[in-house]
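Read in order, the letters of the sequence shown are residues 616 to 973 in this note's numbering. For reference, the structure discussed in these notes is given below.
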Amino acid sequence: QSNKHYKVAVLAGDGIGPEVMAEAEKVLQVVADKFQFGLTLTPALVGGAALDASGEPLPAATLELCKQSDAILFGSVGGPKWTGQAPDKQPERGSLLPLRKTFDLFCNLRPGQIYPAFAELSPLHPRVSSQGMDVLCVRELTGGIYFGEKGRTETDAFDTQRYSVREIERIARVAFDAATKRSNKVTSIDKANVLQTSILWRETVERVAQDYPGVTLEHMYIDNAAMQLIRSPQQFDVLLCDNLFGDILSDEIAAIAGSLGLLPSASLNGSGFGLYEPAGGSAPDIAGKGIANPIAQILSAALMLRYSFGEEDAARAIEQAVQHCLAQHIVTRDINPKSTYGTAAVGAAIVATLRQEQ
Ligand code: NAI
Ligand code: MG
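What follows is the structure in structure tokens.
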């Protein structure tokens, strides 16, 4: 019997958020039982739902709950109802940006996989997708060109990119640590033939690599990486990227994987705290119909167990149960248009698989 106990702020949000979150919560309760840790899941309003209830996309009470918690499990926010809001009241900008800032979530992790049973979902099917893909994109999230000095006049404009050794080091460590739990390879992405920040990036990553003798490091220019990903994605394990390059490559990886409904993400601050959410949005086109794919949300919960709580066995059990259901073609319509399984049926199948396996 263990005395581990984790407190999770559950911010389901808008659109399909509450539908897929309900399934993730069931999965979490089952693994807590099975792997013997305590779990308190406390819901709070965020996004458009919070805006409607309180006039704020991130109410003070929600932020306070997050501060009292060990991790945030986030659904998705936004939708056509709230597009006319002022920027700081927009569900996405008004909730995710302040959360990233408050908790210094400098690291964004996005795994992307091609599942053998569904290789045909990939736009690169069959020549490339049949070789498979299992990559983890590690993206710096709070520095670089998005946050540098910027300005414009009538006739010109500028953005600046600045990275400190400290910023590069901390994101590099996350990538190397992750690689040791995967296939021990890091590909660091830069444009060191042109950019000063990239030269510092490369030097710093080289130095961090010395602490990880078991991990192979390679450097790749961003333009080549964009090309290599569509030619032979199976050559990659962990991709280490700055904010801008990671933004682009993570979406390229999502496209190669084929379905947004399968892709989780994690945003971390290095102290174990993190925000976990599906890579997709609130999917207003299918919200309320009970047909959204819950897997991205469920895999986000698995990432939370791995990166915030160190519950690797529980995380793997969830990932294996998901693979098992995919292999049995228990999937929603985004994966197979002819499927009759809905959100709850897929969630229930994953729960049942977890209960069976000992
Ligand atoms: P989206 O990701 O919500 O939807 C794109 C397409 O993917 C839609 O056809 C949708 O049905 C499908 N899709 C996404 N997740 C799915 C799932 N779990 N199962 C089945 N199908 C799924 O992106 P879109 O349409 O650009 O944005 C919709 C709203 O979501 C907007 O208000 C946007 O601002 C917001 N959004 C929120 C994000 C967040 O909360 N982090 C991220 C991206 C968008
Ligand atoms: Mg993007």
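No residue lacks a Cβ here, since even glycine has one placed at the ideal position from N, Cα and C. No experiment lies behind these values; they were computed from the predicted model shown.
Start and end of the alpha helix (DSSP H) containing residue 755?
Element bounds for residue 755: not the alpha helix (DSSP H) but the beta strand (DSSP E), 748-755.
Return the residue from the list 882, 966, 971 and 750 that minimises the CA-CA distance to residue 851.
750
Contact check, residue 632 vs residue 691, beta carbons under 7 Å
yes
Which first and last residues belong to the alpha helix (DSSP H) in which residue 713 is found?
706-717
Residue 834, enclosing alpha helix (DSSP H) - first and last residue
That residue, residue 834, is in no alpha helix (DSSP H); its beta strand (DSSP E) goes 831-836.
Report buried or exposed for residue 754, applying the criterion of at least 16 other Cβ atoms within 10 angstroms of its Cβ.
If you draw a 10 Å sphere on the C-beta of residue 754, you find 16 or more other C-beta atoms in it, and that means buried.
Which residue wins for smallest C-alpha separation from residue 775, given the options 782, 769 and 765?
765
How many angstroms separate the CA atom of residue 803 from the CA atom of residue 882?
19 Å
Under 8 Å, with one C-beta from each stretch per pair, do the region 925-942 and the region 655-664 reach the 3-pair mark?
no
Quickly, what does DSSP pair residue 625 with across the bridge? List them, please.
658 and 688
Examine ligand 1 and report whether any of its heavy atoms sits within less than 6 Å of the Cβ of residue 901.
yes
Should residue 950 and residue 897 be called a contact, given that it needs their Cβ atoms to be closer than 7 Å?
no
Return helix, strand or coil for residue 889, following the three-state DSSP convention.
strand
Out of curiosity, what's the CA-to-CA distance linking residue 939 and residue 834?
35 Å
To the nearest angstrom, how far is it from the Cα of residue 918 to the Cα of residue 771?
43 Å
My assumption, with CB atoms under 8 Å, is that residue 780 sits in contact with residue 819. Please give the rounded CB distance.
Their Cβ separation, rounded to whole angstroms, is 5 Å, which keeps residue 780 and residue 819 in contact under 8 Å.
Assuming contact is defined by CB atoms lying nearer than 7 Å, are residue 663 and residue 697 in contact in what I supplied?
yes
Proximity of residue 894 and residue 880 at Cβ, strictly below 7 Å
yes
Using only CA atoms, which one of 619, 716 and 638 lies nearest to residue 890?
716
Kindly give me the distance between the Cβ atoms of residue 789 and residue 722, rounded to whole angstroms, as I take these residues to be in contact under 8 Å.
Right, the Cβ-Cβ distance comes to about 5 Å (below 8 Å), so this counts as a contact.
Status (buried if at least 16 other CB within 10 Å, exposed otherwise) for residue 805
buried
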